[in-house]
Amino acid sequence: EWQPSEEVELPVLAAESGNEEVILEVKDLKKYYEVPGSSLRDVIGLGEPRYVKAVENASFNVVKGKTLGVVGESGCGKSTLIKTIIGLEDSTSGDATFMGFDITGDISTRDETLIQELQMVFQNPDSTMNPSYTVGQQIGRPMERFGTVPKREIRGEVI
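Numbering (this note's numbering), first residue to last: 361 to 519.
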C-alpha cells in the first residue's frame, strides 16, 4: 500500500474576481477501498481491516469557463476521483457540490437534469463504448434518454 510521505495538496482554482462563478467545489474528498486479508484471522473476521486510499483529501474549485486538468501517474486515483464526483463510486467522506447541488450522496437521488450536466469522458473508448453500436448511435443515446433533442432530430444533431 503506497502512501505519500507527506500530505499532497491539490491546487485550489480560486475565482480571479468576485463575479466568476464556481461551478464545481470539492472539499476533502476521500475514497477508500477495503482490501480483504488472507490470514486465518482475516477470513474469520477477527483481523483488522486494511484499506487502499485511492483518493485522499482532494480539494479544488472549478470556475465557470475554466478547465481543470487532473494529471498523475497510472494508478494514482485520477479516474477514481472523477468517478466519485460523478456518482459512479460512493465517496468515503468529504463534500462536493456542482452548480450549488450536493453531489456526494447516492446518485439515484440526484435530479435527472443534474445528471445530464455532469458527465465523464472515459479514457479508453475501446473498453467503454459498445462495439455493437455505431458512434452516431452512442452519441445520440443520451439525447434520446434525457429528451434534450426530439427523437426525429437526433440524427441531424449527431451529424
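All C-beta atoms in this analysis are idealised placements derived from N, C-alpha and C, irrespective of residue type, glycine included.
Note that the structure is a prediction, hence the values are computed from the model and not measured.
### Query
To the nearest angstrom, how far is it from the Cα of Glu408 to the Cα of Lys390?
20 Å
*Bridge partners - Tyr393, DSSP secondary structure assignment*: Val412.
To the nearest angstrom, how far is it from the Cα of Val518 to the Cα of Pro510? 12 Å
Query raised in the report: How is Leu474 classed by DSSP in three states: helix, strand or coil?
Result: Of the three classes helix, strand and coil, the one that applies to Leu474 here is helix, per DSSP.
- [ ] Inspect the beta-carbon positions of Thr440 and Glu433 and report whether they are closer than 8 Å.
- [x] no
Give a yes or no on whether the C-beta atoms belonging to Ala456 and Ile445 are separated by under 8 Å. yes
* For Glu424, the three-state DSSP class (helix, strand or coil) -> Note on residue identity: the sequence assigns Lys, not Glu, to residue 424. Of the three classes helix, strand and coil, the one that applies to Lys424 here is coil, per DSSP.
Item checked: Residues that Ser453 bridges to, as DSSP identifies them -> Lys390
Nearest by alpha-carbon distance to Thr494: which of Arg515, Gly435, Glu477, Ser451 is it? Arg515
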